[in-house]
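S.K.: Sharing a structure, written as structure tokens. Questions coming.
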Amino acid sequence: MVHILGVNLRESHVARYALTSFYGIGHHTAHRLCARLQIHDKCKMKDLSPYQVTALASFLSSPSTSVTPPRYPLASSDFIPPSPNKSTQDLQSEFAALKAAQDQRKQKRARHSRASQQAASDPLKDLKIESELRRMIRENIGHQRMIGSYVGKRHAMHLPVRGQNTQSNAKTAKKLNQLDRY
Numbered sequence: 276m277v278h279i280l281g282v283n284l285r286e287s288h289v290a291r292y293a294l295t296s297f298y299g300i301g302h303h304t305a306h307r308l309c310a311r312l313q314i315h316d317k318c319k320m321k322d323l324s325p326y327q328v329t330a331l332a333s334f335l336s337s338p339s340t341s342v343t344p345p346r347y348p349l350a351s352s353d354f355i356p357p358s359p360n361k362s363t364q365d366l367q368s369e370f371a372a373l374k375a376a377q378d379q380r381k382q383k384r385a386r387h388s389r390a391s392q393q394a395a396s397d398p399l400k401d402l403k404i405e406s407e408l409r410r411m412i413r414e415n416i417g418h419q420r421m422i423g424s425y426v427g428k429r430h431a432m433h434l435p436v437r438g439q440n441t442q443s444n445a446k447t448a449k450k451l452n453q454l455d456r457y
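Numbering follows this note's numbering, with no gaps: position 41 of the sequence shown is 316.
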């Protein structure tokens, strides 16, 4: 078994599905994590390298402080690879010139539009899992109860919160909402 942040992940499970064992990580987020850490979709937990396990544990422990991976553009359809006879210095100078032109274009776009900055933001930066997510949910419920909203009152009475029928099928909600969620 692979042990990451207090959660045991079976070695026979596919890594993408094993990540859903964490509270707060669903299939979509697990797929994004695997893509970010360059883990193949069909890779099992036992096949992960120690580097990948360490990278996964470090990212899940603090996603907001993790380094955003570089984005490499895909080659366009009219791309012609450089000839092998070119020197490395020539290739590096061409790359630096292309990079500078690309940075200038990015700066112009950033000045004109805030939407481009939001699209480039990392969706995994604000990922919350396990105890942090549970604490946030508990705080939200406590806030609803404190301000006296309808939802907070329903939580306090251990009744369904989202408009479900209470005459016949509220047994599950009454069972689950008995915990004091404050």
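Beta carbons: idealized from backbone N, C-alpha and C, even for Gly. Source: prediction; values computed, not measured.
Taking the beta strand (DSSP E) that I279 falls in, what are its first and last residues?
M.R.: Counting along the chain, the beta strand (DSSP E) containing I279 begins and ends at V277 to I279.
S.K.: Do I279 and A330 have their CB atoms nearer than 7 Å?
M.R.: Result no, Cβ atoms of I279 and A330 do not sit closer than 7 Å.
S.K.: DSSP has L284 in a bridge; who is on the other side?
M.R.: For L284, which the question treats as bridged, DSSP gives the partners V277.
S.K.: Which one of S351, Y298 and S287 has the shortest CA to CA distance from G281?
M.R.: Of S351, Y298 and S287, the residue nearest in Cα terms is Y298.
S.K.: With distances taken between CB atoms, is the gap from P338 to L408 smaller than 7 Å?
M.R.: Contact: no.
S.K.: What does K465 pair with, by DSSP beta-bridge criteria?
M.R.: Here the chain has residues from 276 to 457 only, and residue 465 is not among them.
S.K.: What residue range does the alpha helix (DSSP H) around Y425 cover?
M.R.: Note, Y425: alpha helix (DSSP H), Y425 to A431.
S.K.: Please check if any C-beta of chain B sits within less than 7 Å of the C-beta of D378.
M.R.: Given the protein chain composition of this structure (a single chain), no chain B is represented.
S.K.: Which residue's Cα is closest to the Cα of L402: A385, A448 and S336?
M.R.: The candidate whose alpha carbon is nearest that of L402 is S336.
S.K.: What are the start and end residues of each continuous alpha helix (DSSP H) run of 4 or more residues lying completely inside the stretch 333-413, in chain order?
M.R.: Qualifying alpha helix (DSSP H) stretches, in chain order: 363-387 and 390-395.
S.K.: When the distance is taken between beta carbons, is D397 closer than 7 Å to T343?
M.R.: Yes. Within cutoff.
S.K.: If distances are taken between C-alpha atoms only, which option among I355, K383, P359 and H315 comes closest to R291?
M.R.: Comparing Cα-Cα distances from R291 to each of I355, K383, P359 and H315, the minimum goes to H315.
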